[in-house]
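Residue numbers (the numbering used here), protein chains in the order written: chain W, 30 to 428; chain V, 30 to 428.
Number of protein chains: 2
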Amino acid sequence: MAAAPSLQQAETPDTPYNQNLRQVSFEIQAECPTTRARAGLLHTAHGTIETPVFMPVGTQATVKGLTQRDLAEDLGVKILLANTYHLFLRPGAESIRGLGGLHRFMSWPNAILTDSGGYQVFSLSGLRKITDHGVVFQSHLDGSLHTFTPESTVDAQLAFGSDILMALDDCPEYPVSHEYARESLERTLRWARLAHEHYRRRLADNPAPHALFPIVQGSMFPDLRRRSAEALAALDTDGYAIGGLSVGEPRPLSLEMVEATEDILPRDRPRYAMGVGMPHELADYVARGIDMMDCVLPSRNARNGCLFTSQGRVVIKHARYKDDARPIDENCPCYTCAGYSRAYLRHLFLAGEILYAALATRHNLQRYLDIMREIRQAIVSGSFPDYLRTIRSASEDVE
Amino acid sequence: MAAAPSLQQAETPDTPYNQNLRQVSFEIQAECPTTRARAGLLHTAHGTIETPVFMPVGTQATVKGLTQRDLAEDLGVKILLANTYHLFLRPGAESIRGLGGLHRFMSWPNAILTDSGGYQVFSLSGLRKITDHGVVFQSHLDGSLHTFTPESTVDAQLAFGSDILMALDDCPEYPVSHEYARESLERTLRWARLAHEHYRRRLADNPAPHALFPIVQGSMFPDLRRRSAEALAALDTDGYAIGGLSVGEPRPLSLEMVEATEDILPRDRPRYAMGVGMPHELADYVARGIDMMDCVLPSRNARNGCLFTSQGRVVIKHARYKDDARPIDENCPCYTCAGYSRAYLRHLFLAGEILYAALATRHNLQRYLDIMREIRQAIVSGSFPDYLRTIRSASEDVE
Chain W
30 MAAAPSLQQA
40 ETPDTPYNQN
50 LRQVSFEIQA
60 ECPTTRARAG
70 LLHTAHGTIE
80 TPVFMPVGTQ
90 ATVKGLTQRD
100 LAEDLGVKIL
110 LANTYHLFLR
120 PGAESIRGLG
130 GLHRFMSWPN
140 AILTDSGGYQ
150 VFSLSGLRKI
160 TDHGVVFQSH
170 LDGSLHTFTP
180 ESTVDAQLAF
190 GSDILMALDD
200 CPEYPVSHEY
210 ARESLERTLR
220 WARLAHEHYR
230 RRLADNPAPH
240 ALFPIVQGSM
250 FPDLRRRSAE
260 ALAALDTDGY
270 AIGGLSVGEP
280 RPLSLEMVEA
290 TEDILPRDRP
300 RYAMGVGMPH
310 ELADYVARGI
320 DMMDCVLPSR
330 NARNGCLFTS
340 QGRVVIKHAR
350 YKDDARPIDE
360 NCPCYTCAGY
370 SRAYLRHLFL
380 AGEILYAALA
390 TRHNLQRYLD
400 IMREIRQAIV
410 SGSFPDYLRT
420 IRSASEDVE
Chain V
30 MAAAPSLQQA
40 ETPDTPYNQN
50 LRQVSFEIQA
60 ECPTTRARAG
70 LLHTAHGTIE
80 TPVFMPVGTQ
90 ATVKGLTQRD
100 LAEDLGVKIL
110 LANTYHLFLR
120 PGAESIRGLG
130 GLHRFMSWPN
140 AILTDSGGYQ
150 VFSLSGLRKI
160 TDHGVVFQSH
170 LDGSLHTFTP
180 ESTVDAQLAF
190 GSDILMALDD
200 CPEYPVSHEY
210 ARESLERTLR
220 WARLAHEHYR
230 RRLADNPAPH
240 ALFPIVQGSM
250 FPDLRRRSAE
260 ALAALDTDGY
270 AIGGLSVGEP
280 RPLSLEMVEA
290 TEDILPRDRP
300 RYAMGVGMPH
310 ELADYVARGI
320 DMMDCVLPSR
330 NARNGCLFTS
340 QGRVVIKHAR
350 YKDDARPIDE
360 NCPCYTCAGY
370 SRAYLRHLFL
380 AGEILYAALA
390 TRHNLQRYLD
400 IMREIRQAIV
410 SGSFPDYLRT
420 IRSASEDVE
């Protein structure tokens, strides 16, 4: 049995480490005495988020197939992610600003995190040219040319009114040489400093409750990861993202990269592992001090017919589900499992019906959110090491 | 000002014209003294439906993009339509029976009407061969051969557990010769008699609360339409459908065909005009004694970007909506109009996002349901002739 966790109650929710311009604040409520896991509260202008948290991905200002009411009321989502690259191209940052910002545009009452656009520039766009000042790229929509600089992506995200902004980063593919990774990382560090200076100036002119997270890079080289974390920690920012993961590397390497920087990043700031992971991996990231995660897996896999349950995966197209009157997961409290059978979902999937995507996505997101709630509860109650052991042995059975 | 409508209150809801086996019953509550419009109640084992009613189309046991909760709770839908042809082919009538029937299969608490499959056999399937016994056809899914007979389509719909079943009909395209239309009609009449006899035998063995409607045909020939209605009226069925409309004919001709049979069909039974119509046409059908309608237009047009409003149509892709913060229709009470702007919907449409279809369909269905509620209210309050004049002059402005 693990010892009781130490509790670090902030004196009041309004006295975090943050100074004037920092109105997004983080409060640690419980720490696991064995692992590096912690449970906390992330305060934003659009509500307080219990951490560790999984953030559903709403690339184009929509989580595919779900209404904002489904997300906020049914699933209890407190923060979601939207995509700077996509929204910059369409409908455009000025258009969103003119419509009252991203929250109002997409009718979303809770918090929004937007990424820097860096990852998409490097993965989606055609022709691109990187300089120390930024990156010129071709839109994947119509081939038009655009420029992202550290400053312009901050401005775009301020136009969106995002609660949490990301600094532009150079996100190398996997694998790259140590030399390339080092050059790329130094560029990301220069960009992070420029983004941060620009952001501070903007907020000095027009104070508003945002946070800007720079992104740790360094490919799969622990020395570069540590160099990155040290340089960014010196910036004393509101939180830290860890990028360059889930780019094709073996999973143990991702975890190792997170581990490499855990003791360098300020422990009183939220840490966000970008683009991870599978359901059984979430606890492994939390055990390494991660507070926030996002991933397209629950929604994309749902649409492709792969449903996550407490008993493993259900590949819904299988003939064995043709006459299966059971819900996807008998232990799941979601709307889909309350009303619909595997047989019906299989029928909708085979018929190519829109409702399939909506019901399946709702279930998979519920699964991710439930896992995060279980993890949080385990940290708070002091049983996280036991929880982690159970998850690891169960995932070995399932995989 | 129109005179007050006559009220025909049934003594109790349980004493309709129906005899033993007829447990779907119709009760006229108010009649327009000028037109043939009436307001009524259609009682089924899955709830009572206020008529005139528009029935959303759920071809594959789903109204595309909406959950059953959206339909039942938000939109207040009391009856929807599903498709015998599609569900017979996939997942199959026996599969649905084994899963507890269509209501349970699709998790739908209210009434279901299923069509005969005739229209789809003639419009969707490849190779087909019509005999007096039925039709052999090729599945549009995989080319496999199947047979529909008047008896087998009743059995399929009983397996579904539909509240209202349709008798198999031969639905000619438009235009056809009088001779062809007459032959086709006589076939439909023979099939209707066979379906009816089979249905009565089945219900004698296993009484259950259903209704079977035969379908008036006769292409665009009033004499054949009257011949059809007279022969079907003699069957003394629970209600009557009018088919063979919306097959490409000019709209005045559809209305003329409905008019041709209005005084022949028993006035105390519900009449269902299949596959109609545009929003401004609904009142014209009601004025000709129609109680029930269905149409894919609100949902299909929604997906194609055409939104119906109280002020006319909104074609959402137009550049003029790019920065339009207004809802689709400021007078609309639907979830979409309560939370989302034209600019956001246009963005979702251009991005090909699933949520667009869900939000747009919800709005268009709300529009149709609201029109039917206005029509019903006008009949009950005696102002339907005025309402009809207003709609006709407004639709001239819009079209």
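C-beta atoms are modelled at their ideal positions from N, C-alpha and C, and glycine is treated no differently.
Quick caveat, the model's predicted, so the values are computed rather than measured.
Closer than 8 Å to chain W by CB, residue i
| i | result |
| --- | --- |
| residue 144 of chain V | no |
| residue 347 of chain V | no |
| residue 107 of chain V | no |
| residue 119 of chain V | yes |
| residue 433 of chain V | Outside the shown range of chain V (30 to 428) lies residue 433 of chain V, about which nothing can therefore be said. |
| residue 355 of chain V | no |
| residue 186 of chain V | no |
| residue 91 of chain V | yes |
| residue 389 of chain V | no |
| residue 181 of chain V | no |
| residue 1 of chain V | In the structure displayed, chain V extends from 30 to 428; residue 1 of chain V sits before or after that span and is not available. |
| residue 386 of chain V | yes |
Contacting residues, own chain, Cβ-Cβ under 6 Å from residue i (five flanking each side not counted)
| i | result |
| --- | --- |
| residue 134 of chain W | 125 and 128 |
| residue 331 of chain V | 389, 390 and 393 |
| residue 275 of chain V | 304 and 305 |
| residue 153 of chain W | 169 |
| residue 413 of chain V | 61, 66 and 407 |
| residue 329 of chain W | none |
| residue 218 of chain V | 260 |
| residue 203 of chain V | 276, 277 and 278 |
Coil, strand or helix - residue i by DSSP
| i | result |
| --- | --- |
| residue 63 of chain W | coil |
| residue 147 of chain W | helix |
| residue 50 of chain V | With a pLDDT of 43 at residue 50 of chain V, under the threshold of 50, the modelled position of that residue is not reliable, and the figure given next carries that caveat. Of the three classes helix, strand and coil, the one that applies to residue 50 of chain V here is coil, per DSSP. |
| residue 246 of chain V | coil |
| residue 239 of chain V | coil |
| residue 98 of chain V | helix |
| residue 323 of chain W | strand |
Chain V contact for residue i (CB, 8 Å cutoff)
| i | result |
| --- | --- |
| residue 127 of chain W | yes |
| residue 369 of chain W | yes |
| residue 378 of chain W | no |
| residue 364 of chain W | yes |
| residue 135 of chain W | yes |
| residue 96 of chain W | yes |
| residue 382 of chain W | yes |
| residue 352 of chain W | yes |
| residue 114 of chain W | no |
| residue 111 of chain W | no |
| residue 40 of chain W | The predicted position of residue 40 of chain W is uncertain, since its pLDDT is 35 and thus under 50; no value can be drawn from it. |
| residue 51 of chain W | With a pLDDT of 49 at residue 51 of chain W, under the threshold of 50, the modelled position of this residue cannot be trusted; read the value that follows with caution. By this cut-off, residue 51 of chain W is not an interface position. |
Residues near residue i by beta carbon distance below 7 Å, same chain, minus five either side
| i | result |
| --- | --- |
| residue 165 of chain V | 157, 158, 174 and 176 |
| residue 190 of chain W | 130, 131 and 132 |
| residue 253 of chain W | 210, 211, 214 and 247 |
Separation of residue j from residue i, as counted between CA atoms
| i | j | result |
| --- | --- | --- |
| residue 376 of chain V | residue 301 of chain V | 38 Å |
| residue 420 of chain V | residue 290 of chain V | 24 Å |
| residue 221 of chain V | residue 340 of chain V | 42 Å |
| residue 313 of chain W | residue 179 of chain W | 32 Å |
| residue 338 of chain V | residue 93 of chain V | 20 Å |
| residue 114 of chain V | residue 86 of chain V | 14 Å |
| residue 263 of chain V | residue 298 of chain V | 13 Å |
| residue 411 of chain V | residue 143 of chain V | 33 Å |
| residue 139 of chain W | residue 77 of chain W | 9 Å |
| residue 268 of chain W | residue 122 of chain W | 24 Å |
| residue 400 of chain V | residue 308 of chain V | 8 Å |
| residue 199 of chain V | residue 99 of chain W | 43 Å |
| residue 362 of chain W | residue 255 of chain V | 55 Å |
| residue 317 of chain W | residue 117 of chain W | 33 Å |
| residue 246 of chain V | residue 225 of chain V | 16 Å |
| residue 369 of chain V | residue 350 of chain V | 13 Å |
Sequence-distant residues of its chain with Cβ nearer than 8 Å to residue i (five each side left out)
| i | result |
| --- | --- |
| residue 50 of chain W | Model confidence at residue 50 of chain W stands at a pLDDT of 43, short of 50, so the residue's coordinates are unreliable; what they give is reported in the following sentence. Only 229, 232, 233 and 236 meet the Cβ criterion. |
| residue 378 of chain W | 334, 345, 346, 385 and 389 |
Integer-rounded CB distance, given that residue j should sit under 8 Å from residue i
| i | j | result |
| --- | --- | --- |
| residue 244 of chain W | residue 192 of chain W | Contact flag wrong, Cβ pair sits at about 17 Å. |
| residue 249 of chain W | residue 282 of chain W | 5 Å |
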